[in-house]
Amino acid sequence: MRRKSFVLIVLSIVSAVFLSVSMALAADPLKPTSKDKCPVCGMLVHPYTQWSAQIIFKDGTYAFFDGPKDMFKYYLDIPKYNKSKTSADISDIYVTEYYSTKVMKADGVTFVSGSDVMGPMGKELVAITNDKVKTFTSDHKGVKALKFSEVTDADIPDGHMHHMK
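Numbering-wise, the sequence shown is residues 57 to 221 according to the numbering used here.
This is the structure we're talking about:
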């Protein structure tokens, strides 16, 4: 009976440690400060929080972007923008969902290209929850809907700065 109690206590402690470690590995999304600039275009991010995206690295450092388009440019060519990081250093990637403007994990939304919706830098890969993709594509003439892992360089729209009001 004592041995069974001891084993249960040890299992409880081990489970708690694993749970703590797994929770520590997932980074919560951050809020851009007035000083955070997009490493791709140099634009201040805080005026465009309805479009912002972020990559959080395992060491606690991060990069903010004025939209998913620049986040993908960075993600698909990290050494160009940060020689000391690789994709293996990434803890989490977040984007701001178009309709709700909530910050969500990038692998949990769909990115729509070719729509008539413009971000701060023009044409954008718009982050949409999976249940709203058909509505968005129909309402905004979206051309292609992609999961995070499906986006390639060829899917990233070129664009020029679009002054938002």
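Positions of the beta carbon are idealized from the N, C-alpha and C atoms, including for glycine.
First and last residue of the uninterrupted beta strand (DSSP E) at residue i
{"i": "D126", "result": "Counting along the chain, D126 falls outside any beta strand (DSSP E), though it belongs to the alpha helix (DSSP H) covering 124-131."}
{"i": "T166", "result": "166-169"}
{"i": "D148", "result": "146-152"}
{"i": "M160", "result": "159-161"}
{"i": "I110", "result": "In the sequence as displayed, the identity of residue 110 is Gln instead of Ile. Run containing Q110: 109-113, per the beta strand (DSSP E) assignment."}
{"i": "A119", "result": "118-121"}
Whole-number beta carbon distance between residue j and residue i, since they are thought to touch under 8 angstroms
{"i": "A183", "j": "E153", "result": "5 angstroms"}
{"i": "G175", "j": "G98", "result": "Wrong, their Cβ atoms sit about 16 angstroms apart, outside the cutoff."}
{"i": "I212", "j": "K139", "result": "I212 to K139, Cβ: 21 angstroms. No contact."}
{"i": "D145", "j": "F120", "result": "So it is not a contact: roughly 16 angstroms between Cβ atoms."}
Extent of the continuous alpha helix (DSSP H) to which residue i belongs
{"i": "Y137", "result": "134-137"}
Which listed residue (the options) has its alpha carbon closest to that of residue i
{"i": "L132", "options": "D172, V165, V96, Y104", "result": "V96"}
{"i": "D163", "options": "K197, G98, N186", "result": "N186"}
{"i": "S168", "options": "Y130, K190, M177", "result": "Before going further, note that residue 168 is Val rather than Ser in the sequence given. When only C-alpha atoms are compared, the closest one is K190."}
{"i": "M177", "options": "K91, P103, S194", "result": "P103"}
{"i": "D195", "options": "D115, S90, Y155, G116", "result": "Y155"}
{"i": "L214", "options": "T89, T193, F128, S90", "result": "Before going further, note that residue 214 is Asp rather than Leu in the sequence given. When each option's Cα is compared against that of D214, the closest is F128."}
Nonlocal neighbours in the same chain, by C-beta distance under 7 angstroms from residue i, ignoring five residues either side
{"i": "Y118", "result": "L86, Q110, I111, I112"}
{"i": "Y150", "result": "P85, A109, Q110, V159, M160, K161, A162"}
{"i": "K141", "result": "F113, I134"}
{"i": "Y137", "result": "P95, V96, Y130"}
{"i": "T89", "result": "H102"}
Contacting residues, own chain, Cβ-Cβ under 8 angstroms from residue i (five flanking each side not counted)
{"i": "K197", "result": "G170, S171, D172"}
{"i": "T208", "result": "L132"}
{"i": "H216", "result": "Only weak support exists for where H216 lies, its pLDDT of 46 falling under 50; the value from the coordinates is given anyway. Answer for H216: M177, G178, listed in chain order."}
{"i": "F204", "result": "I149, A162, D163, V165, F167"}
{"i": "S143", "result": "Y131, I134"}
{"i": "W107", "result": "D122, G123, P124, T152, G175, P176, E180"}
{"i": "D115", "result": "D145"}
Nonlocal neighbours in the same chain, by C-beta distance under 6 angstroms from residue i, ignoring five residues either side
{"i": "L83", "result": "Strictly speaking, residue 83 in this sequence is Ala, with Leu absent from that position. For A83, where only same-chain residues beyond five positions count, the Cβ hits under 6 angstroms are I112, S147, D148."}
{"i": "T157", "result": "Q106"}
Interface flag, residue i vs chain D, CB-CB below 8 angstroms
{"i": "V96", "result": "Going by chain labels, chain D is absent from the structure shown, which holds only one protein chain."}
Starting from the N-terminal side, write out each stretch of the beta strand (DSSP E) that is 3 residues or longer and does not extend beyond the segment 184-219. 200-203
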